Amino acid sequence: MSAHSDVPPSTVGVELLESGVEVEYVDGRTTFYRGVPEPVTDTLTTPPKKETHVLVTDPTETEGVLLYVNDLKTHDDILESTGVGRVILDDGGSEEVFPGVTVRRPGGMRTEVEADPEVARGRVFVFVEDDWGEASYEFVTEGDTDTEDAASDDSTAE
Numbered sequence: 001m002s003a004h005s006d007v008p009p010s011t012v013g014v015e016l017l018e019s020g021v022e023v024e025y026v027d028g029r030t031t032f033y034r035g036v037p038e039p040v041t042d043t044l045t046t047p048p049k050k051e052t053h054v055l056v057t058d059p060t061e062t063e064g065v066l067l068y069v070n071d072l073k074t075h076d077d078i079l080e081s082t083g084v085g086r087v088i089l090d091d092g093g094s095e096e097v098f099p100g101v102t103v104r105r106p107g108g109m110r111t112e113v114e115a116d117p118e119v120a121r122g123r124v125f126v127f128v129e130d131d132w133g134e135a136s137y138e139f140v141t142e143g144d145t146d147t148e149d150a151a152s153d154d155s156t157a158e
């Protein structure tokens with residue numbers, strides 16, 4: 001088996017907290033994405049060479065699916081044991097990874113994400129990170145930018 005191929009995601013636990021989003025992997029370990037997500041209503045384009053993780057929750061917001069986009073660091077076996085999925089796209093490639101959620105590689109080592117939370121039937125988060133920092137985003141419907149992001153009434157991203 002190749003160390004870098006598409007891996008289908010499994011259902012993971014999700015907890016929305018005031019300080020960020022916690023994900024519980026299938027193996028029981030957790031990871032924490034810090035910060036109140038910044039609302040996005042259109043296409044999100046990441047800076048070059050950033051890791052991009054897409055989380056879509058179920059309507060109860062207690063579980064969901066997590067997908068890494070173009071992750072070339074993590075071996076397939078590790079992803080499978082944690083329940084995290086992965087999609088690998090060539091430059092110019094595009095794929096609907098969940099209903100209402102499309103990822104693209106427009107070139108320049110960037111990732112574009114478009115999402116319609118109503119079609120996805122859950123909340124759609126994107127986490128963008130590297131060794132120097134991380135940022136959190138949540139797709140919201142137009143006119144709903146004062147969303148109930150990650151259990152916080154303060155919609156100001158820091």
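Sequential numbering of the sequence shown, starting at 1, is according to UniProt numbering.
Yeah, the Cβ is synthetic: ideal placement off N, Cα and C, and Gly gets one too.
Every value quoted in this text rests on a predicted model; they were computed, and no experiment measured them.
Where residue i sits in the DSSP three-state scheme
i	result
S136	strand
L44	strand
E118	helix
S94	strand
E80	helix
E142	coil
G100	coil
G85	strand
G108	coil
H75	coil
E18	coil
D130	strand
E63	strand
D149	Low confidence applies to D149: its pLDDT is 42, below 50, so where it sits in the model is not reliable enough to give any reading.
Identified DSSP bridge partners for residue i
i	result
E24	G13 and T30
P37	Looking at the DSSP assignment, P37 forms no beta bridge with any residue, so it has no partner.
T52	V69 and V128
Check: residue i C-beta below 6 Å from any heavy atom of the ligand COA
i	result
T41	The model depicted lacks the ligand COA and carries no ligand whatsoever.
Reference residue i, options the options, closest by Cα
i	options	result
F98	G35, L67 and T74	L67
Y33	G20, V40, E24 and V26	G20
R104	T52, G64 and P39	T52
T31	V40, T57, K49 and V12	V12
G85	V26, E18, E22 and T60	V26
Legend entry - Three or more C-beta pairs below 8 Å linking the region 43-55 and the region 103-114: Between the region 43-55 and the region 103-114, the count of C-beta pairs closer than 8 Å reaches three or more; the two stretches touch.
Legend entry - contact_flag[the region 116-133, the region 80-93] where n(CB pairs < 8 Å) is 3 or more: In short, these stretches do not touch, since the Cβ pair count stays below three.
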